[in-house]
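**Student:**
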Amino acid sequence: MLKVDLWNIQVLEVSFQNFSVEALPNGQCGGDFLEIHDGASALALTLGKFCGMSLPSGGKKISSTTNNMYLWFKSNAKIGASGFNLTWTSRDP
Numbered sequence: 001m002l003k004v005d006l007w008n009i010q011v012l013e014v015s016f017q018n019f020s021v022e023a024l025p026n027g028q029c030g031g032d033f034l035e036i037h038d039g040a041s042a043l044a045l046t047l048g049k050f051c052g053m054s055l056p057s058g059g060k061k062i063s064s065t066t067n068n069m070y071l072w073f074k075s076n077a078k079i080g081a082s083g084f085n086l087t088w089t090s091r092d093p
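Numbering (full-length UniProt numbering), first residue to last: 1 to 93.
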C-alpha cells in the first residue's frame, strides 16, 4: 500500500494599524522595541526591529517564509507610549 502525506504549509503576514513605541532621539531603538523573526524563535532570521511612531515597513505587510513567526516585544517603564495594534493572517506561499 502506498502512503502519501500531503502538507498544506502556509506563511504568516502581519500588518499594523498603529504603532507608537519609545525610540531614542537619534531614532535608534533603546529600551522599547518590537522585533520580528522569520521562524519559531529569536534565533531565526530577523525581519525587522521596530520602534518610534512610524508603521513598521512603511505600513506594508511583513511576511514569513515558513509557518512560524516569532515576535519579541521589549518594554521598560521609562517612557510611556500607546503601543501598537497588529493583525495577522495566514496564506498559501
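All residues carry an ideal CB built from backbone N, CA and C; glycine is no exception.
#1: Can you give me the C-alpha to C-alpha distance between Cys29 and Ala44, rounded to a whole angstrom?
#2: Given a threshold of 16 other Cβ atoms within 10 Å of its Cβ, counted over all protein chains shown, does Leu6 qualify as buried or as exposed?
#3: Roughly how far, in whole angstroms, is the beta-carbon of Leu34 from the beta-carbon of Met69, given that I think they are within contact range, below 8 Å?
#4: Measure the beta-carbon distance from Ser15 to Leu71 and round it to whole angstroms, keeping in mind my assumption that it falls under 8 Å.
#5: Gly59 by DSSP, collapsed to three states: which one?
**Tutor:** Taking the structure as given:
#1: Distance between the alpha carbons of Cys29 and Ala44: 20 Å.
#2: exposed
#3: Not really, about 12 Å apart at Cβ, beyond 8 Å.
#4: So it is not a contact: roughly 13 Å between Cβ atoms.
#5: helix
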